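Visitor: Mind having a look at this structure? Questions to follow.
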Amino acid sequence: MKEKIKKVLDEKKLNEKTPKYGKRKLKIGLVSCLLAFTLSIPITFAKENKPAEVTHTITITDELQKAKDDAIETLDDNGIKDNESISKINACTTVEQVRKTKKEIIKKHREENRKKQEQEEQERIKEEQRNKERDNILAELATDVKKWETIKTQLGEDGAKEFYKKIEEKFNTDPTFTAQKAKSYLEKPELLKKDDELKEAKEKAKKELKENGIDTEFFLKRIDSASKKELVEELTKQIISSHKLQKAKEKLIKELDKYTYVFDKSEHNDLANHLKEAKKKEIQNATTVEEVNKIEKQLQDANELSKVKKEAKAFLDRLTHVKGTEKTEITNKIGNAKDTKQAITLVKDELKKALDGYSDVFSEKLYPKDFVKALKKQEEQEIDKINSLEELNKKLDTIENANKIAKAKEEAKEKVKDMKELSFEEKTEAYNAIGSGSTLEEVNAEIKKAEEKESLKKAKDDAIDRLDDYGIKDNESISKINSCNSVEQVNKVKKELIEKRKQENRKKQEKEEQERIKEEQRKKELEDVLAELATGDKGLELEKALGKEKIEKLFNEIKQGLNNPEYTKEKAKKALEALETKLNELKEVKKEAKEELRKEGITSKLFLDKIDLAKTKEGVDALKTEIIKSHKEEVLKKALKEAKEKLKLSYERANKFLETENGKYYVYPIQKLVNEAYDYVEEGKDITLEKANKLAEDIEDAVKNVKELSTKEQREKAKQYVDLKNLPDKV
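In structure tokens form, the structure reads like this:
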């Protein structure tokens, strides 16, 4: 397919250099090629396994389109460009049909051109002949002095000039103006004036016809065919008169349907149609507009009388007192009435009789008897003045309405009387308002006001009772109800207040439920704390460490808290934590106390257990102090004993040393210390631990020092201590 398109395009390029069909042909060829390609696509898909058939179909399509393009080009060359001809070519389905159609179109076109040329030639020849005749006539006028003089004599010089000028103008402006006509004017110049007058009359006549809506070709041609001015005028008059007559007839016949009372189909449809057809014939037979108008007037009068009779009978139906044979008799009288006045008078009399039937408006219960009588007489006089059924109906409407109003007032007052919610003053006000009502609407409006007031009061009472059912008794809510101005507003406010209370109750219940759950949770938590104190390890530990009294105190506090909503788990925990803190502090104090005891050298389990048994910090501190003090006293006693024994031993060794060195001058330092120790060792006087240890050490050091010296050193040393004047007694 691509190769075929390429081949066609190549051929078209070649044709551009040596055009065979022209540029338009090339464009059509390209479109044809693309169209052929488009049309070939579905065929290729449908018959993919038959390439020979596809190729054949494409070839036929190209040839047909080429034939159409050639045909359109040929038509164009022959000046045939109308859409109809091109459509005929495009509608062809075969090449042969294209050729045949093209041939027929060209043949027809040529025949039309030939006839046109012949007609144009005839018109040209005719125009040339007319121009020649014109020129001859004009030349004759210009050269025929005798004719000029004759015409000038008849028309005067100015008239003659105007005459010649008009003839020339007619040749130039009127294609129908001929030489023969011009010659007739020359023979009888007065004919030109008559023809002008005739022409003017025709134009005027046509204008009049158009002004009267007559523009049909038939009548215009009749005017054109008239040969005299008088005939034109008479013909115009006849046409317009006939036209007006016809229009009047058509109008009246068309309007027959509006005379519904003359041709009343409600009772006798066939008779009404028969009468209408007869009236149409009568109208059609009328020969003048006046006759038509007379028929129309008769119809109007008859229709009005029939209308009045029908309305009078209908009016009679409104009078409830007229019944049976009496009604039939009056109805017949109305039907036989000769004019509208007679029919109206009959029903007026019946209306006056009917006044007695309106007992509410003419009530002797409401008004004095003479007043009622005068009122009726006044109404009768007003009825006598009425001359139309329309006014009679209005009067009856007024009477009936007044009667309805009077009746409504009585009923309204009875309703007010039965109202239980209204006070005496409110009822009196309602009576006066109802009595002053001048229309049924006003009376109904006043009774409606009273009913609304009654309903409003009842609604308020019911609403307050309903609020009371929900426990709503506060002044604010009651005031809201009492300030309402309608039942709807009362119901709305009542609904809002009840809904508000329901919400409050619902919230209250929800809150109470939450508080109940919260209270149960609180108690459960406290009970858990109690259980922990009673049976838990921590409780036992606290009791053991702090004493049963404190645990029982906390236990009782929490137990009492079960009945106190403000006593929470946190408070119990806080109290428990306080004990735990005391326990921890006590443990720490005990630990520190034990550490101090150990530092003091107290490691006996007896003393450590005593610390563990203490229940307070103060107890621990006191016990610790007591143990340490007791321990220190024991240690001190033991140390003092040991110090005394040591002092005694040192004392004895020093004495023994002195005994071996007795008489020697250098023993004074030792003797002095021995003398000092004598009171404590021999006499048993009290001595402190420090002094005992110090004295023993000094003795030992003195002895040691003496022993360590050489003889020479001992003597020199001794001199420092020997006081010859104050030697001890024992020395």
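The numbering of the sequence shown is the numbering used here, which starts it at 22 and goes up by one.
A virtual CB, placed ideally from N, CA and C, is assigned to each residue, including glycine.
Computed from a prediction, not measured in an experiment: that's the story for all the values here.
Give the DSSP-derived three-state secondary structure of D291 in the structure shown.
Guide: Mapped onto the sequence shown, residue 291 falls at position 270. Residue state, collapsed to three classes: helix.
Visitor: Could you have a look at P690 and say whether DSSP puts it in helix, strand or coil?
Guide: In the sequence shown, the residue the question calls residue 690 occupies position 669. Of the three classes helix, strand and coil, the one that applies to P690 here is helix, per DSSP.
Visitor: Does the Cβ of S106 have 16 or more other Cβ atoms within 10 Å, making it buried, or fewer, making it exposed?
Guide: The residue given as residue 106 occupies position 85 in the sequence shown. Buried: at least 16 other Cβ atoms inside 10 Å.
Visitor: Counting only the same chain and skipping the five closest in sequence on each side, list residues whose C-beta sits under 7 Å from that of F240.
Guide: Taking the first residue of the sequence shown as 1, we reach residue 240 at position 219. Around F240: L230 and I260.
Visitor: Taking only runs of the alpha helix (DSSP H) that begin and end inside the stretch 436 to 485, which ones reach a length of at least 4 residues, in chain order?
Guide: Qualifying alpha helix (DSSP H) stretches, in chain order: 445 to 456.
Visitor: Roughly how many angstroms lie between the CA atoms of A358 and L410, to the nearest whole one?
Guide: The residue you call residue 358 lines up with position 337 of the sequence shown. The residue you call residue 410 lines up with position 389 of the sequence shown. Those two C-alpha atoms are separated by around 14 Å.
Visitor: Give a yes or no on whether the C-beta atoms belonging to I316 and L273 are separated by under 8 Å.
Guide: For this step, residue 316 is matched to residue 295 along the sequence shown. For this step, residue 273 is matched to residue 252 along the sequence shown. Going by C-beta atoms, I316 is nearer than 8 Å to L273.
Visitor: Would you decide whether K258 is buried or exposed? Buried here means 16 or more other CB atoms lie within 10 Å of its CB.
Guide: Residue numbering aside, residue 258 sits at position 237 when the sequence shown is read from its first letter. Exposed is the call here.
Visitor: In the DSSP assignment, find the unbroken alpha helix (DSSP H) run with S106 in it and report its ends.
Guide: Walking along the sequence shown from the start, residue 106 turns up at place 85. Counting along the chain, the alpha helix (DSSP H) containing S106 begins and ends at N104 to N111.
Visitor: Can you tell me whether I244 is buried or exposed, with buried defined as 16 or more other CB within 10 angstroms of its CB?
Guide: Here residue 244 refers to the residue found at position 223 when the sequence shown is read from its first residue. Per the 10 Å Cβ criterion, buried.
Visitor: Are the CB atoms of A480 and V508 within a distance shorter than 8 Å?
Guide: Your numbering for residue 508 matches position 487 in the sequence shown. Your numbering for residue 480 matches position 459 in the sequence shown. Contact: yes.
Visitor: Just how far apart, CA to CA, sit E84 and K153?
Guide: The residue given as residue 84 occupies position 63 in the sequence shown. The residue given as residue 153 occupies position 132 in the sequence shown. Rounded to the nearest angstrom, the two C-alpha atoms are 58 Å apart.
Visitor: Between the alpha carbons of D482 and A335, how many angstroms are there, rounded?
Guide: The sequence position of residue 482 within the sequence shown is 461, counting from 1. The sequence position of residue 335 within the sequence shown is 314, counting from 1. Roughly 53 Å between the two C-alpha positions.
Visitor: Apply the 10 Å Cβ neighbour rule to E573 and answer buried if 16 or more other Cβ atoms are within range, or exposed otherwise.
Guide: Along the sequence shown, read from residue 1 onward, the residue named residue 573 stands at position 552. The residue in question, E573, is exposed, as its Cβ has fewer than 16 Cβ neighbours within 10 Å.
Visitor: For E541, which residues from the same chain have a beta carbon less than 7 Å from its beta carbon, with the 5 sequence-adjacent residues on both sides left out?
Guide: Position 520 of the sequence shown, counting from 1, holds the residue named residue 541. Excluding sequence neighbours, E541 sits near nothing in its chain.
Visitor: R527: buried (16+ other C-beta within 10 angstroms of its C-beta) or exposed?
Guide: Start at 1 with the first residue of the sequence shown, and residue 527 comes out as number 506. With fewer than 16 Cβ atoms within 10 Å of its Cβ, R527 is classed as exposed.
Visitor: In its own chain, which residues sit with a C-beta less than 7 Å from the C-beta of N422, not counting the 5 before and 5 after it?
Guide: Position 401 of the sequence shown holds residue 422. Around N422: L461.
Visitor: Is the stretch 380 to 390 in contact with the stretch 411 to 418, if contact means three or more CB pairs nearer than 8 Å?
Guide: They do not touch, by the three-pair rule.
Visitor: What distance in whole Å lies between the Cβ atoms of H342 and A375, which are believed to be in contact at a cut-off of 8 Å?
Guide: On the sequence shown, residue 375 is found 354 positions in, with the first residue counted as 1. On the sequence shown, residue 342 is found 321 positions in, with the first residue counted as 1. Their Cβ separation, rounded to whole angstroms, is 5 Å, which keeps A375 and H342 in contact under 8 Å.
Visitor: Return the CA-CA distance between L443 and A471, expressed in angstroms with no decimal places.
Guide: Here residue 443 refers to the residue found at position 422 when the sequence shown is read from its first residue. Here residue 471 refers to the residue found at position 450 when the sequence shown is read from its first residue. Roughly 8 Å between the two C-alpha positions.
Visitor: Given a cut-off of 8 Å, decide if N424 and V382 are closer than it, judged by their beta-carbon atoms.
Guide: For the purposes of this step, residue 382 is taken as residue 361 along the sequence shown, with counting starting at 1. For the purposes of this step, residue 424 is taken as residue 403 along the sequence shown, with counting starting at 1. Cβ atoms of V382 and N424: closer than 8 Å.
Visitor: In its own chain, which residues sit with a C-beta less than 8 Å from the C-beta of L219, not counting the 5 before and 5 after it?
Guide: Position 198 of the sequence shown, counted from the first residue, corresponds to residue 219. So the qualifying residues of the chain are A247, S248, K249, K250 and V253.
Visitor: Are the beta-carbon atoms belonging to K669 and V702 less than 8 Å from one another?
Guide: For the purposes of this step, residue 669 is taken as residue 648 along the sequence shown, with counting starting at 1. For the purposes of this step, residue 702 is taken as residue 681 along the sequence shown, with counting starting at 1. Closer than 8 Å, so yes.
Visitor: Which residues in the same chain have their Cβ closer than 7 Å to the Cβ of W169, if we skip the five residues on either side of it in sequence?
Guide: The residue given as residue 169 occupies position 148 in the sequence shown. Closer than 7 Å at the Cβ level, and outside the excluded window around W169, lie A181.
Visitor: How would you label Y672, buried or exposed, when you count the other beta carbons within 10 angstroms and need 16 or more for buried?
Guide: Locating residue 672 in the sequence shown gives position 651, where the first residue counts as 1. Y672 comes out buried.
Visitor: Within 10 angstroms of the Cβ of A112, are there 16 or more other Cβ atoms? Answer buried if so, exposed if not.
Guide: By 1-based counting over the sequence shown, the position of residue 112 is 91. Exposed, because fewer than 16 other Cβ atoms sit within 10 Å of the Cβ of A112.
Visitor: Check whether the Cβ atoms of L618 and K638 lie closer than 8 Å to each other.
Guide: Position 597 of the sequence shown holds residue 618. Position 617 of the sequence shown holds residue 638. For L618 and K638, no; Cβs fall outside 8 Å.
Visitor: For I101 and V119, I'd like the C-alpha separation in whole angstroms.
Guide: For the purposes of this step, residue 101 is taken as residue 80 along the sequence shown, with counting starting at 1. For the purposes of this step, residue 119 is taken as residue 98 along the sequence shown, with counting starting at 1. Looking at the two C-alpha atoms, the distance is approximately 15 Å.
Visitor: Pull up the distance between the alpha-carbon of Q581 and that of E587, whole angstroms please.
Guide: Within the sequence shown, numbered from 1, the residue matching residue 581 stands at position 560. Within the sequence shown, numbered from 1, the residue matching residue 587 stands at position 566. Those two C-alpha atoms are separated by around 11 Å.
Visitor: Can you name the start and end residues of the alpha helix (DSSP H) that G356 belongs to?
Guide: Working through the sequence shown from its first residue, we reach residue 356 at position 335. That run of the alpha helix (DSSP H) goes G345 to G356.
Visitor: From the DSSP output, in three-state form, read off L583 for me.
Guide: Within the sequence shown, numbered from 1, the residue matching residue 583 stands at position 562. Three-state result, L583: coil.
Visitor: Taking all protein chains shown into account, do 16 or more other C-beta atoms lie within 10 angstroms of the C-beta of P196, making it buried, or fewer, making it exposed?
Guide: Locating residue 196 in the sequence shown gives position 175, counting from the first residue. Classification for P196: exposed.
Visitor: So, with DSSP's three-state summary, where would you put A247?
Guide: If you number the sequence shown from 1, residue 247 lands on position 226. A247 falls in the coil class under three-state DSSP.
Visitor: Which residues in the same chain have their Cβ closer than 7 Å to the Cβ of N676, if we skip the five residues on either side of it in sequence?
Guide: Counting from one through the sequence shown, the residue named residue 676 turns up at place 655. Cβ neighbours of N676 beyond the five flanking positions: V695.
Visitor: May I ask you to report which of helix, strand or coil DSSP gives F192?
Guide: As a working mapping, residue 192 is identified with position 171 in the sequence shown. Three-state DSSP puts F192 in a helix.
Visitor: So for K301, helix, strand or coil by DSSP?
Guide: One-based indexing of the sequence shown puts residue 301 at position 280. Of the three classes helix, strand and coil, the one that applies to K301 here is helix, per DSSP.
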